[in-house]
Structure formats: C-alpha cells, structure tokens
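Enquirer: When we follow the UniProt record's numbering, the leftmost residue of the sequence shown carries the number 1, and every step to the right adds one. Beta carbons: idealized from backbone N, C-alpha and C, even for Gly. Please read these numbers as outputs of a predicted model, since none were measured by experiment. Supplied in structure tokens, the structure appears directly below.
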Amino acid sequence: MANYRVAITNERNQPLAGVTIEAVSLNSFPTISATENTGNNGTAQFSGLSGPHWFAPRVRRTSGNVGERTYSGQVKIQIVALGESICFDYVVDPDGMGTHTTLAAAMAAAITAGTDKSIWICDSLTESNIDVGGMGANQNIYIQSSDRNIVSITANSGEDIFVQGSTGGNTSGGLHFRNFTFVPDNSNSKAVYDVNTGSEVSEIEFDTCTIVGGYLLRQD
1 MANYRVAITN ERNQPLAGVT IEAVSLNSFP TISATENTGN NGTAQFSGLS GPHWFAPRVR
61 RTSGNVGERT YSGQVKIQIV ALGESICFDY VVDPDGMGTH TTLAAAMAAA ITAGTDKSIW
121 ICDSLTESNI DVGGMGANQN IYIQSSDRNI VSITANSGED IFVQGSTGGN TSGGLHFRNF
181 TFVPDNSNSK AVYDVNTGSE VSEIEFDTCT IVGGYLLRQD
C-alpha cells in the first residue's frame with residue numbers, strides 16, 4: 001500500500017484549492033481507485049493505494065477576472081511526496097505521510113477491523129490514554145518501529161500510555177510491541193498499560209523495548 005501527496009497549481013505555479021483529483025489504477029486502467037479534493041495549500045493526500053497509479057485533475061483549465069478582463073490558464077499537477085507503507089496495515093506519521101497522524105486513531109481503526117492488524121510508527125510520539133478496549137475475538141495487533149533508540153512513546157502528565165477501557169471478545173490474541181522506548185508518567189505513578197476493566201487481552205508482548213520510569217502494568 002502506498003501514500004501520495006499530490007499538488008495542483010495554475011500556470012503561474014500558484015496553489016489551487018477545491019480541485020478534485022482522480023487516482024487511476026494502472027493495473028486496472030481506467031478504474032478510479034479514489035478521489036480527493038485539494039485543500040487551501042493546493043495539495044491532497046491519498047492513503048492506502050495498492051499498485052501504481054496515474055493522477056489526473058477533473059478540471060483542466062482555470063479561469064478568473066482581472067478588472068474587466070477574463071483570463072484562463074492551465075491546471076498543472078505533480079506528485080510532491082510519496083511513501084510506501086512497507087506492508088503494514090497502518091502507518092502512523094505525525095507529519096501526515098502515513099495512514100494516520102496519531103497512534104490512537106490507528107489503534108481505533110485496527111480494533112474496528114476486528115482481525116489481525118499491524119501498525120508501523122515512523123517517529124516519536126507524545127501520546128497517552130490510547131484506548132485498546134474492544135478487540136475482536138482472537139485478534140492480534142502488532143505495533144512496531146525501526147529502533148527503540150530512535151522511536152519513543154511518551155505519556156502526557158497524569159495519564160497512562162495505553163488504557164483498556166472496555167471489555168471485548170478477545171480470548172487468545174494479544175498486543176505485541178517491538179522496538180520502542182516507553183516513557184510513562186513516573187511522577188504520578190502511571191504505567192505503559194492500565195487494565196481498568198474486565199479480562200480481555202490475554203497476551204501482552206514487549207520485544208526489544210525499554211521502559212523509562214513508571215510502571216509496565218497496573219490496574220485501577
């Protein structure tokens with residue numbers, strides 16, 4: 001799966017907002033896989049596209065008025081950035097080049113799916129109270145980064161990093177973390193994982209992880 005940011009400008013290279021862009025699959029041409037509208041900065045984000053794509057604006061000419069004169073010009077398009085999701089279901093990138101900008105949003109999507117899912121974290125996050133309640137029966141969620149010395153997850157003050165806020169159908173699945181440094185709120189005796197409801201996650205795995213202060217697990 002790949003992610004693209006596409007820019008639309010006029011012939012003077014000024015960004016154009018509100019232009020619809022089509023992502024056309026080259027594997028099943030002329031199937032349109034997705035459409036997005038440009039924002040005020042003239043760009044649109046495409047996430048989760050499978051295979052090579054051609055991008056085309058639905059508007060090919062732009063027009064406007066200068067005084068009493070009407071003019072028209074070309075609409076130009078270019079790909080300004082792209083990234084592969086390296087065969088993970090979800091990619092968390094705070095800069096917006098993944099499928100989600102927060103781990104909480106990626107976790108919510110994985111839990112809603114109800115099947116085994118994988119999440120890649122691109123960069124360090126300051127995030128907490130991430131709800132992991134409601135996992136599906138036998139569901140596994142794998143969360144990974146490139147290196148624990150590069151990517152850390154730091155809690156906000158007074159909060160645990162992960163919170164199991166509700167029960168679900170999980171019986172033999174689990175949460176699996178690899179290559180992270182976790183920084184819970186030590187001053188308030190918080191933890192990486194807070195179980196404050198009934199039994200749900202049967203296995204919690206930490207592979208090549210470092211925990212700085214606080215607790216690994218606690219229960220309210």
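Extract the residue ranges of the beta strand (DSSP E) inside the stretch 118 to 176, only unbroken runs of 3 or more that lie entirely within it.
Expert: Counting whole runs of 3 or more residues, the stretch 118 to 176 contains the beta strand (DSSP E) stretches 140 to 144, 152 to 154, 162 to 164.
Enquirer: Are the stretch 114 to 121 and the stretch 144 to 153 touching, with three or more C-beta to C-beta distances below 8 Å?
Expert: Because the criterion of three Cβ pairs below 8 Å is met, the stretch 114 to 121 and the stretch 144 to 153 touch.
Enquirer: DSSP three-state label for Ser-189, please.
Expert: Coil.
Enquirer: If you count every other CB in all the chains shown that lies within 10 Å of the CB of Pro-30, and 16 or more means buried, which is it?
Expert: Exposed, because fewer than 16 other Cβ atoms sit within 10 Å of the Cβ of Pro-30.
Enquirer: How big is the Cα-Cα spacing for Tyr-215 and Asn-129?
Expert: So the alpha carbons of these two residues sit roughly 15 Å apart.
Enquirer: For the beta strand (DSSP E) containing Ala-23, name the first residue and the last one.
Expert: Unbroken beta strand (DSSP E) run through Ala-23: 20 to 25.
Enquirer: Got a sec, what are the start and stop residues for the beta strand (DSSP E) Leu-103 sits in?
Expert: Unbroken run through Leu-103 is the alpha helix (DSSP H), 103 to 113; no beta strand (DSSP E).
Enquirer: Let me check understanding here. Comparing Cα to Cα, which of Pro-15, Ile-8, Ser-189 lies closest to Ala-155?
Expert: Of Pro-15, Ile-8, Ser-189, the residue nearest in Cα terms is Ser-189.
Enquirer: Taking 8 Å as the cut-off, decide whether the C-beta atoms of Val-19 and Ile-8 are in contact.
Expert: The answer is yes: Cβ separation under 8 Å.
Enquirer: Quick one, which of Ser-172, Asp-160, Gly-173, Arg-12 has its alpha-carbon nearest Ala-104's?
Expert: Of Ser-172, Asp-160, Gly-173, Arg-12, the residue nearest in Cα terms is Asp-160.
Enquirer: Short check: CB of Val-6 to CB of Phe-46, under 8 Å?
Expert: Their beta carbons are under 8 Å apart, which means Val-6 touches Phe-46 by this criterion.
Enquirer: Gly-174 and Val-201 - do their beta-carbons sit closer together than 8 Å?
Expert: Yes, they are a contact pair.
Enquirer: Mind reading off the beta-carbon distance from Phe-182 to Ile-150? Whole number of angstroms is fine, and I expect it under 8 Å.
Expert: The Cβ separation is near 14 Å, so there is no contact.
Enquirer: Over the uninterrupted beta strand (DSSP E) stretch that includes Ala-17, give me the two end residues.
Expert: Here Ala-17 belongs to no beta strand (DSSP E), and DSSP marks it neither H nor E.
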